[in-house]
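Asker: Residue 332, in my numbering, is where the sequence shown stops; the numbers in between run on with no holes.
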Amino acid sequence: MTLSINPGTSRTAEIKLIVDLDANNMPTRIEWQASEGLENGPVTCQSMMLSVWDSQNKTTAAIDLWIKDTSVDDMNLYFYQVIHKMADTYLRATKNEDIADSIREFGDGFGETLGLISRGAK
211 MTLSINPGTS
221 RTAEIKLIVD
231 LDANNMPTRI
241 EWQASEGLEN
251 GPVTCQSMML
261 SVWDSQNKTT
271 AAIDLWIKDT
281 SVDDMNLYFY
291 QVIHKMADTY
301 LRATKNEDIA
311 DSIREFGDGF
321 GETLGLISRG
331 AK
């Protein structure tokens with residue numbers, strides 16, 4: 211979806227999370243929906259990490275959830291992909307290619323250690 215926005219125009223977008231919990235407060239279902247997303251209606255996912263930065267207190271608050279049936283293999287692949295996504299986001303935010311490359315190198319080492327990628331592959 212491509213948005214064409216006039217300079218100076220503001221709008222509000224909404225991201226909604228729905229989490230079903232069992233009797234032990236473990237997530238059994240996670241759904242998310244974005245007002246400007248491509249999907250019509252909620253989308254189911256197995257895990258999520260939401261981090262928000264409090265610039266006044268210089269702290270990060272986070273909500274990290276995964277459903278109880280998520281396999282270790284899925285979590286390994288999820289973290290591998292999140293590490294690479296963090297590198298992309300860091301580069302977009304800071305334009306610091308050296309540090310973004312360092313984050314990617316860490317991600318590749320993580321993936322290699324877990325057998326997700328082979329040496330030299332990305």
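In this text, a Cβ means the ideal position worked out from N, Cα and C, and glycines have one as well.
Please classify residue 324: does DSSP put it in a helix, a strand, or coil?
Answerer: Correct three-state label for residue 324: coil.
Asker: For the candidate residues 304, 306, 242, whose alpha-carbon lies nearest to that of residue 258?
Answerer: Of 304, 306, 242, the residue nearest in Cα terms is 242.
Asker: Quick one: using the 10 Å Cβ neighbour count with 16 as the cut-off for buried, is residue 264 buried or exposed?
Answerer: Exposed is the call here.
Asker: Is residue 279 helix, strand or coil by DSSP?
Answerer: Coil at residue 279, not helix or strand.
Asker: Output needed for residue 236: all residues of its chain with C-beta closer than 7 angstroms, excluding positions within five of it in sequence on either side, in chain order.
Answerer: 278, listed in sequence order.
Asker: Given a threshold of 16 other Cβ atoms within 10 Å of its Cβ, counted over all protein chains shown, does residue 184 qualify as buried or as exposed?
Answerer: No answer is possible for residue 184: it lies beyond the span of the chain, which begins at 211 and ends at 332.
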